[in-house]
Amino acid sequence: MKYETQSFSLPITRRGLLLLGGGVAAGGLLAGCGVSPSRTGTTGSTNGGKKRVGGDLKYAGNFDLRTLDPAFSAAYSERFVYYAMYNGLVTYDKDLKVVPDLASEWKYSNDDTTLTFKLRPNVVFHDDTPCDAQAVKFNLDRVRDPATKSGQAGHLVAIKSVEAPDALTVVIQLDRPWRPLLASLGERPGFISSPTAIKKYGEDYGAHGVGTGPYKVAEFQQGSYIVLERFDKNWNARSAYLNSIRFDGVPEASSQITRLRTGEATIIDQLDPSLIPTIAGAQGVTSMTNPTGVWYFSTVSYLSAPFDDVNIRKAIAYGINKDAVIKTVYQGKARPANTPIGVGWAVDKNFAGPDYDFDVKKAKDFLEKAADPGVEIPLGTSSQSRNSAVAQAMLDGLKKTGMNVTLQTTPAADYNSQIKAGRIPWWISSWSPRADPDGLLRIVFHSEGAQNSNHYNNPKVDELLDQAAAINDHKEAAPLYGEVYSLLAEDAVSLSVAWPDNTIAFRTDLHGVEQYGDGIIRFKDMWMD
Amino acid sequence: MEVQAEMITFTLRRLLSTVVVVFLVSVITFYVTRVVLPDPVSTILGGQESGASAEQIAQIRQSLFLDRPFPVQYWLWITGVLTGNLGRSYLRPQDVSEMIGAALPVTFELTLLALLIAVFFGVALGMVGAARHNRPADTITSGASVLMLSVPNFFLGVLLVYLFAMIVPLFPSGGYVPFFQNPVQNLYYMVLPAVTLAMGYIGNLARFTRSILLRVYSEEYITRATASGLSRRTVLFGYGLHSAAGSILVAVGLNLASLVGGAVVTEAIFSVPGVGTLLANSILGSDLPVISALVLLVTVGVTLITWVVDVLGGIIDPRLRAVKA
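Chains as they are written, first to last, in our numbering: chain A, 1 to 529; chain B, 1001 to 1325.
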């Protein structure tokens, strides 16, 4: 049997969404690299001298690590730790291409419904349990089992069965061709835990966490910090240089910066553009800013008046001054967005549908065509500072169109539940990018999508999404996504605003810092002087 | 004998009102968290990112009793609490009691340190103000008190970090080391948070101590004591402070509630893993069992302290008994 290696360049990821209105929530900006290299501005050297073993890295972030069990993970920030301590069958490179991890190679059957993985030999978990095909089967079956009640089960729905014909072969039978599955196996649904540890700790497994990754848990203080230390029996020992990695939960952005400046932290990320000047010129500190595919947009519940009138929606679309938002809110550190997907292979560089660049005249034309041009139009925002700043900046442009817009602010903690309950008909939100476009587009725009809060229902969009997900070759699938973007723009339901950049700041003695397309820092790549 | 009976009645009446308050707060919190906060099931299943099916959501709602009527949910919860079972976190692989057991000593230590600092400096400043009434020392201490109680925690904390962690790097800017792991390091990390938390309290206590002492000093027996030739020191700090002690104690106790509130903000600034941090994280994650248990705990704590303080105040100063009863 001949296996192909690295032949699938599906940039897939399961990206977490930003808990936008969620206020404090961690979901900040995600990075997306390799979007447009010309913008990949780096203001710090990341390549120091020779890589050396040693050093204790300290990361300070708005971090709430709840569980070390990927099957029950609900927080974006947990993945920072998972990538250091776990492996999946596959993983992603920094451009979100799927590459080998525990599986050295894999292959689809001719009808694309059987996926066969060849595992690396001699891999052990942190507790010395061998990581073989049975261990992989155990993990995937555990997540799929309804009795487990894993929130990740939905990502493995296409799996019919998992088989382990020999110690190093895993065969996954699918009930239909389903491209997004491969990407899911490189993320939380596919991280492989020690079966021995899961059986031993039972429902307390999440307090321990035993993987095959280059770092293992040394100390875990719930709600405060976790310390990982190098696992010397790691199958890929070269990937671990640091002696230890400490993750400190520091909710305040200004406290994170203070820690970085005093050396109490080695690296911080998701810096607000307005805070970047506070580290400029600080001794021993450098920073790196890269474009991301985090999608900021405004969207309406198109079933309720006045938003059921497409002319009102189009008037709004032309009334949003994206450039003004980018200038005032992001201090220029963002790209104007025209579709939901800003990174990866499904970006439509030649997007033909309406871009909705700010145009007062066109907005006025559509407003005049509307059934009731003078109707009061409420724009909902949360009290979270980023969200309300975007709303304010949008409002200036919208008012110029003569539209009767009013701003309604909801406390950040209630924002998402109010949206879900249908009490905010026009709101501002954001989603983080995923390697496979299906991960985001399906849940937001499919009529049965779990996060389709505006009840968008376009049978043609549903059909295109299902059709595209069954195609493994992304060159073939990409045009179908282009059609989806055009339909979305034509319906003017979700109006793209911006893809903001992500800024990481770190001490100058830290090297190997790279921004991944999903914004999650991979500490295993780093070393210190 | 009559005094003792009066004291017992007073104590029991206070206890009864404490129980009523705790019960009402438990019902209100339980209800409010379940109505106002976002549906915990979507958070459990991965938040906004979740691709969970409707059946899966229904199944989890059922297993958490979220599909039952509110009184049933409350009954299941409160009977658990009364038998010592606070339930299990929705989000973390831990029992609620275990989480609170880890966070409570941290907040207790922080609050205790802040209280010691506040009582010492607050009473001292108040005494200086009262003893030097209407003189420059009084003006300075009174001004300082107002300043201290007006500066909000979140600003003061950041200011102290700027001054004593960045400009003059004496203390760490935040973080935590468990006491039993390294007591010296633990206290070192606690200095700035404790001072931040204590500051407003110092101002409050200083003002209260000063005014209550001034009232005492204007009473006849003080004039008589002075006239009888006792030293100024004995009169002011012996007689005066003794009769003011009961009221000061009550003020200390009553202010403790706001101290607990301040701990939430202070813990966030300095990343201290106490009850405040746990409460904030639980609210953000809609972790209902933890929120209900924490609010109940804080309520019981504050009302119990108030009760103890009332009773102690009554013992120290019989006049308080009459007024309160």
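For every residue, glycine included, the Cβ atom is placed at its ideal position computed from N, Cα and C.
The region 269 to 288 of chain A and the region 391 to 403 of chain A do not touch, with fewer than 3 CB-CB distances between them shorter than 8 Å. Judged by DSSP secondary structure, A/Ile520 falls outside any beta strand (DSSP E); it is assigned neither H nor E. Closest in alpha carbon position to A/Asp175, among A/Lys160, A/Gly449, A/Gln152, A/Trp499, is A/Lys160.
With the criterion set as a beta carbon lying under 9 Å from some beta carbon of chain A, the members of the region 1171 to 1195 of chain B are Pro1172, Ser1173, Gly1174, Gly1175, Tyr1176, Pro1178, in sequence order. In chain B, no part has a C-beta under 8 Å from the C-beta of A/Glu78; the shortest such distance is about 11 Å.
Out of B/Ala1198, B/Ala1194, B/Thr1196, B/Val1235, the CA that lies nearest to the CA of B/Leu1214 is found in B/Val1235. Contact between A/Asn458 and A/Leu487 holds, with the beta-carbon distance rounding to 6 Å and staying under 8 Å. Listed along chain B is no residue with a C-beta nearer than 9 Å to that of A/Pro437; the closest approach is about 14 Å.
Neighbours of A/Asp204 in chain B, taken as residues at a C-beta separation under 7 Å, are given in chain order as Pro1093.
Here the alpha carbon of A/Asn472 sits roughly 17 Å from the alpha carbon of A/Glu463.
Per DSSP, A/Asn502 is not a residue of any alpha helix (DSSP H); the beta strand (DSSP E) it occupies stretches across 502 to 507.
Boundaries of the alpha helix (DSSP H) harbouring A/Asp491: 474 to 491, taken from the DSSP string. Chain-order list of chain A residues neighbouring B/Thr1107: empty, with the shortest C-beta distance near 12 Å, by a criterion of under 8 Å.
Here the alpha carbons of A/Asp529 and A/Arg261 stand approximately 18 Å from one another. Taken atom to atom, the span from the alpha-carbon of A/Asp518 to that of A/Arg188 is near 13 Å. Shown here for A/Phe366: same chain residues with a beta carbon closer than 6 Å to its own, the five before and five after excluded, namely Asn311, Lys314, Ala315 in chain order. Within the DSSP secondary-structure output, A/Pro100 pairs in a beta bridge with A/Val90. In this structure, B/Pro1040 is the residue among B/Gly1200, B/Pro1040, B/Met1148 with its C-alpha nearest to the C-alpha of B/Pro1289. About 4 Å separates the beta carbon of A/Trp499 from that of A/Gly342, a gap short enough to meet the 8 Å contact definition.
Burial state of A/Ala421 is exposed, judged by a 10 Å Cβ sphere holding fewer than 16 other Cβ atoms.
If you check the CB distance, A/Met288 and A/Ile504 come in under 7 Å. In this structure A/Leu441 is not in contact with A/Ile320, their Cβ atoms being roughly 21 Å apart against a cut-off of 8 Å. Around the Cβ of B/Arg1014, a 10 Å sphere holds 16 or more other Cβ atoms; the residue is buried. Taken atom to atom, the span from the alpha-carbon of B/Gln1062 to that of B/Leu1304 is near 36 Å. Beta-bridge partners assigned by DSSP to A/Gly380: A/Gln408, A/Trp427. Contact holds between the region 94 to 105 of chain A and the region 116 to 131 of chain A, because three or more Cβ pairs, one in each stretch, are under 8 Å apart. Within chain B, Val1158 have C-beta atoms less than 7 Å from the C-beta of A/Ser254, given in sequence order. By the C-beta density criterion, A/Gly202 is exposed, having fewer than 16 other C-beta atoms within 10 angstroms. Rounded to whole angstroms, the separation of the alpha carbons of B/Ala1206 and B/Ser1145 is 6 Å. The beta-bridge partner set that DSSP reports for A/Val300 consists of A/Trp426. Contacts between B/Asn1281 and chain A, judged by CB atoms closer than 7 Å, involve Asp64, Gly223 in chain order. Comparing alpha carbon positions, the residue from B/Val1275, B/Ile1291, B/Ala1251, B/Ser1247 closest to B/Ile1316 is B/Ser1247. Here B/Met1190 carries a helix assignment [DSSP, helix/strand/coil].
Per DSSP, A/Pro437 is not a residue of any beta strand (DSSP E); the alpha helix (DSSP H) it occupies stretches across 437 to 445. For A/Ser255, the uninterrupted alpha helix (DSSP H) run begins and ends at 253 to 262, by DSSP. When the Cα atoms are used, B/Ile1028 and A/Arg52 turn out to be separated by approximately 58 Å.
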